[in-house]
Amino acid sequence: MKVLGLDPQHQASLLKVIILGLIAAVAISSRLFSIIRFESVIHEFDPWFNYRTTRRLVQTNFYEFWNWFDERSWYPLGRVVGGTVYPGLMVTSATIHNILHALNFPVDIRNICVLLAPLFSAFTAIAAYLLTSEMKDSSAGLLAAAFIGVAPGYISRSVAGSYDNEGIAIFLLMFTFYLWIKSLKEGSAFFGGLTALFYFYMVAAWGGYVFIINLIPLHVFALILMGRFSTRLYVAYSSFYVLGTLMSMQIPFVGFQPTRTSEHMAALGIFGLLQIIAFVELVRSHLASNQFQILFKGFIFISFVTMFSALVILTVSGYIAPWTGRFYSLWDTGYAKKYIPIIASVSEHQPTAWPSFFFDLEMLIFLFPAGIYLCFKELRDEHVFVILYGITASYFAGVMVRLMLTLTPIVCVSSAIAISRLLDTYLDINVVDPETSEPTPVVESKPKDKHKKVGDSSRSAATSTKAEKKKKKQFFGIIGNDTRGLILLNFFFFLVIFVWHCTWVTSNAYSSPSIVLASRQADGSQYIIDDFREAYYWLRKNTDDSAKVMSWWDYGYQIAGMADRTTLVDNNTWNNTHIATVGKAMSSSEDVAYEIMRRHDVTHVLIIFGGLLGYSGDDINKFLWMIRIAEGVYPDDVKEGNFFTARGEYRVDDEATPTMRKSIMYKMSYHNYNELFGGQGQDRVRGARLPAEKIKLSTLEEAFTSENWIVRIYKVKDLDNIGRNLEQASAFEAGKKSRRSKKKQ
């Protein structure tokens, strides 16, 4: 029956397009809570650097951006931006900005940056549809698109304002995998080239491209071990690897890493293995069986010894770099804490707690294994890929919270396969015969032909026997429609709860920008805490353009982006010694810290303090990591044990150690805090009552404290004009003030 002049096949295609469009719209709209509740603003820390560099690209040109030396960061070293960033995110935003302006849509670059991640989430839903359709069918594809459109595990990195590399990278990850499966199925060099092109885009966008360049070779290796080598596999991988490697080396930050680092050696090894197998297959076709066996064994032995020896020699000689500490921490979860504390200090690098899987994936985490099982049952080439992706991503998501992002797509794909199979079974149009418990298709009854011949009857009987066997084979054990209705109703309920959970998590957990905090007052109304922007605005308006701000590295990008002031360290964390120097200054007494600050031309020091408001993400809670990082570089000057009591406690009250109470971090955090309470102050984060004595600063003076005391800024004093020690000068000034007050009385 035709509707709108379309036959049923075209009706189904149109319906799929409409549904996919609605899913894309839901994916975008579910990420706009942060704009609705707060405003159109860049979130977190890294996005501020990305926004700053994108603004620079738009204001100048690509050549200027590529060769930009940023003197505002890592003072006095600076940073060559073009050679130390993945430029894909910035170039994407700038391209959209230029296209819109060419079409006379004067959209500000900030709004493009804020909305880029929600836009690409719609593209990710389409990529999930295409990938899952290759695994099963379009029905499963639509389910996968719907799941990834609202799954909190992906939304956490793609809400409006989250202008980070992952915002576009997950789309590129999914689409690259789709193109790889397509090229493998068709043995097409064209699709292999497209895979390489989007892999290049991924390399330009995110360091997680290493996952692609290791997973695809693993897939190829698994197929070879399963005896599934074919010309399709050879053509697909060879075209992808050669073109992808050459293109990826055009990114300055990557350079020759594809040929010189251990992370890329698996891909190179599999490429070499494919060439060997292809050569062996060619020789097999030209030699007798016994001759081939002798030649094959000798060739394999010589090739293995040669390749292994070359790998060892190049690694020992230093040409091939060993695995980096960040990758070692994926295999040994305690490695970073022991040897690279700066990696372990980042919250998103911590192992994932079990509740996080349910929080970010809800019921999908239970359906995920079912989808993997169904892939095992069919085990086509593309199903092997799903299984390998699921196993590796599950492991990595377990050892690092951040990698939940790479697990979410395959969980959505696998769960969609499972639910689609269930719906295929319970929505089957076959009707069950209650007497025989066999499914019989609904057909129209036809009148018997009285003139049918005997031969026709026998042929008809044989055909009916085959049909009956086929029916028995198709039997799925569902007796009545009430059973189907019950199962479908239950799963509909689960899906509704899934959407409800995803919406709640997105709205309450992942839509709050870190630079703007919110709480509820006694009457239930929302109270906005805007201390961060208040402090950065004060820095921009009340300090010299040449001011140098020392803070912990977490706030470097925000200070450069919002306050436009020079920082000593920032979130790039490329120089561990420089960060350790800041940590040493923060954990040292005033005399030692003052020398460090003077040596680095520091004019202001910024710290975060949450004791008044109960903000737990402050610098006192991060202080132990500053100490550990500093101790790693300056073990003779900073010792973590000096900050713990004899009972091994980390205290800020009367029992705090002398080293702790003398550190400038402690003094800056609690300076003038008791006066606020008219007695002993109460730290609401650590639940401690502070010592009664007044904290005195001789080398620093309070310049600014935000409304809720979250951000505190201190000015570094100049050297005394008559050469006195600053402590003596401060005591002298305090004595003069005391005498003046007595005279007035």
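Numbering (full-length UniProt numbering) for the sequence shown: 1 to 745. In this text, a Cβ means the ideal position worked out from N, Cα and C, and glycines have one as well. Keep in mind the model is a prediction, meaning the values are calculated, not measured.
Counting C-beta pairs with one atom in each stretch, the segment 203 to 212 and the segment 354 to 367 have fewer than three that are closer than 8 angstroms, which means they do not touch. In the displayed model, residue 518 falls within a strand according to three-state DSSP.
In the structure shown, residue 710 falls within a coil segment according to DSSP collapsed to helix, strand and coil.
For the pair residue 379 and residue 166, the CB atoms are not nearer than the 8 angstroms cut-off. Every alpha helix (DSSP H) of 4 residues or more that sits fully in the segment 109 to 188 is shown, in chain order, as 109 to 135, 138 to 150, 152 to 155, 166 to 186. A Cβ-Cβ distance of about 15 angstroms is found for the pair residue 132 and residue 370, leaving them out of contact under the 8 angstroms criterion. Setting aside the 5 residues that flank it on each side, residue 375 is surrounded in the same chain by 383, 386, 387, each with a C-beta closer than 6 angstroms to its C-beta; the list follows chain order. In this structure residue 694 is exposed. Its beta-carbon is surrounded by fewer than 16 other beta-carbon atoms within 10 angstroms. Taking 8 angstroms as the cut-off, the beta carbon of residue 117 is found closer than this to the beta carbon of residue 158. Residue pairing from DSSP places residue 704 in a beta bridge opposite 713. Looking at the backbone, the Cα of residue 539 and that of residue 496 are separated by about 48 angstroms. Here residue 211 has 406 as same chain residues with Cβ atoms under 7 angstroms from its own Cβ, once five neighbours each way along the sequence are excluded.
Our two residues, residue 668 and residue 420, have alpha carbons roughly 59 angstroms apart in a direct line. The continuous stretches of beta strand (DSSP E) do not include residue 496, which lies in the alpha helix (DSSP H) extending over residues 481 to 508. For residue 665, the enclosing alpha helix (DSSP H) starts and ends at 664 to 670. Residue 423 has its alpha-carbon roughly 14 angstroms from the corresponding atom of residue 481.
Between residue 73 and residue 567, the beta carbon gap of about 6 angstroms places them in contact (Cβ cut-off 8 angstroms). For residue 147, the closest alpha carbon among the candidates 503, 711, 666 is that of 503. The three-state secondary structure of residue 54, taken from DSSP, is helix. The distance from the Cβ of residue 78 to that of residue 70 is about 6 angstroms, consistent with a contact at the 8 angstroms cut-off. Just so you know, the alpha carbons of residue 348 and residue 12 end up roughly 43 angstroms apart. Distance from the CA of residue 552 to the CA of residue 688, rounded to the nearest whole angstrom, comes to 24 angstroms. Residue 541 is classed as exposed because its beta carbon has fewer than 16 other beta carbons within 10 Å across all chains shown. In the structure shown, residue 695 falls within a coil segment according to DSSP collapsed to helix, strand and coil. Contact between residue 670 and residue 681 holds: CB atoms are separated by about 7 angstroms, below the 8 angstroms threshold. Counting along the chain, the unbroken beta strand (DSSP E) around residue 607 starts and ends at 604 to 608. Nearest C-alpha to residue 516 among 536, 126, 506, 522: 536.
Around the beta carbon of residue 50, 16 or more other beta carbons sit within 10 angstroms, so the residue counts as buried. The three-state secondary structure of residue 353, taken from DSSP, is coil. If you compare the alpha carbons of 29, 41, 713 with that of residue 607, the shortest gap goes to 713. DSSP places residue 253 outside both helix and strand once states are collapsed to three, so it counts as coil. In this structure, residue 180 keeps its C-beta atom at 8 angstroms or more from the C-beta atom of residue 224. Residue nearest to residue 115 within the set 239, 652, 97, 104 is 97 (criterion: CA-CA distance). For residue 550, there is no enclosing alpha helix (DSSP H); the enclosing beta strand (DSSP E) covers residues 548 to 550.
Annotation for residue 56: 65, 68 place their beta carbon closer than 7 angstroms to its own, counting only its chain and skipping 5 residues before and after. Taking a contact as a CB-CB distance under 8 angstroms, the pair residue 685 and residue 616 counts as one, their CB atoms being some 5 angstroms apart.
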